[in-house]
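Read through the structure below, which is laid out as structure tokens, and then see the notes.
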Amino acid sequence: MRTHELLIAPLFITSFALGSEAAEEPVPPKVGQQAREFRLKSLDGVEIGLIETLRQGPAVVVVLRGFPGYQCPLCSRQVGELIASAEDFAAKDARIILVYPGPADRLDERAREFLKDTKLPGNFVLVTDPDYSFTNAYGLRWHAALETAYPSTFVISKDNIVSFALVSRAHGGRAKTSDVFGALE
Numbered sequence: 001m002r003t004h005e006l007l008i009a010p011l012f013i014t015s016f017a018l019g020s021e022a023a024e025e026p027v028p029p030k031v032g033q034q035a036r037e038f039r040l041k042s043l044d045g046v047e048i049g050l051i052e053t054l055r056q057g058p059a060v061v062v063v064l065r066g067f068p069g070y071q072c073p074l075c076s077r078q079v080g081e082l083i084a085s086a087e088d089f090a091a092k093d094a095r096i097i098l099v100y101p102g103p104a105d106r107l108d109e110r111a112r113e114f115l116k117d118t119k120l121p122g123n124f125v126l127v128t129d130p131d132y133s134f135t136n137a138y139g140l141r142w143h144a145a146l147e148t149a150y151p152s153t154f155v156i157s158k159d160n161i162v163s164f165a166l167v168s169r170a171h172g173g174r175a176k177t178s179d180v181f182g183a184l185e
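Shown next as structure tokens:
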């Protein structure tokens with residue numbers, strides 16, 4: 001019986017190790033890597049896909065915090081700064097995708113609340129990420145009380161290569177508009 005147990009132990013350890021590899025958390029894309037395709041809906045119900053967006057030019061994907069119990073003032077400021085440079089982004093054919101993550105229940109309502117009276121320029125779109133499908137797939141879920149997603153910015157070239165990636169592990173530390181422009185060069 002002892003020999004039988006000794007033969008089974010390595011199989012158990014190997015299967016556990018293989019199983020744990022499959023369960024690894026996804027990681028955000030890094031500079032030089034391809035970005036993973038995603039498809040999310042705008043508040044108008046239009047499905048927005050990354051690859052489709054890249055056919056029109058480079059994309060700037062900005063992951064906001066959604067609604068962690070309140071509308072994030074740093075997210076509002078960041079979006080305001082990006083909108084203030086909308087014409088500069090348009091001159092580079094860049095499309096800005098603002099990702100608003102959260103639980104599916106009331107997510108569209110919260111996203112509309114976030115925008116308030118803000119009119120997004122034509123090269124900007126706010127998409128919702130119901131139940132964190134995109135956030136989880138990109139390894140950006142912030143698993144802490146009253147948190148949703150790590151604020152993040154990715155610049156993705158027309159050929160789907162990440163040229164800029166910043167994931168903030170705090171509320172601040174957001175990408176500067178000048179750094180985003182530099183990555184669009």
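With the first letter of the sequence shown counted as 1, position 94 gets the number 94 in the working numbering; the numbers rise by one all the way through.
Glycine is no exception: its CB is placed at the ideal position from the N, C-alpha and C atoms.
#1: Could you tell me whether the Cβ atoms of residue 120 and residue 64 are closer together than 9 Å?
#2: Who are residue 42's beta bridge partners in DSSP?
#3: Give every residue of the same chain whose Cβ lies closer than 8 Å to the Cβ of residue 56, excluding the five residues on either side of it in the sequence, and list them in chain order.
#4: Among the residues of its own chain, which have a CB less than 8 Å from the CB of residue 162, if the five just before and after it don't count?
#5: Could one say the Cβ of residue 27 lies closer than 9 Å to chain D's Cβ atoms, at least one of them?
#6: So what does DSSP say about residue 25, is it helix, strand or coil?
#7: Grouping DSSP H, G and I as helix and E and B as strand, with all else coil, what is residue 146?
#8: Go ahead and pull the three-state DSSP assignment for residue 47.
#9: If I follow the unbroken alpha helix (DSSP H) through residue 137, where does it start and stop?
The answer reads as follows:
#1: Position 120 of the sequence shown, counted from the first residue, corresponds to residue 120. Position 64 of the sequence shown, counted from the first residue, corresponds to residue 64. Not in contact: residue 120 and residue 64 (Cβ atoms no closer than 9 Å).
#2: Translated into positions along the sequence shown, residue 42 becomes position 42. In DSSP, residue 42 forms a bridge with 127.
#3: Counting from one through the sequence shown, the residue named residue 56 turns up at place 56. Excluding positions up to five away in sequence, the list reads 93 and 95.
#4: Taking the first residue of the sequence shown as position 1, residue 162 is located at position 162. Correct list, in chain order: 29, 30, 31, 32, 33, 34, 35, 154, 155 and 156.
#5: No chain D is present in this structure, which holds just one protein chain.
#6: Stepping through the sequence shown from its first residue, residue 25 is reached at position 25. If DSSP states are grouped into helix, strand and coil, residue 25 belongs with coil.
#7: Position 146 of the sequence shown, counting from 1, holds the residue named residue 146. Here residue 146 sits in coil by DSSP.
#8: By 1-based counting over the sequence shown, the position of residue 47 is 47. Residue 47 falls in the strand class under three-state DSSP.
#9: Start at 1 with the first residue of the sequence shown, and residue 137 comes out as number 137. Segment 133-137, the alpha helix (DSSP H) holding residue 137.
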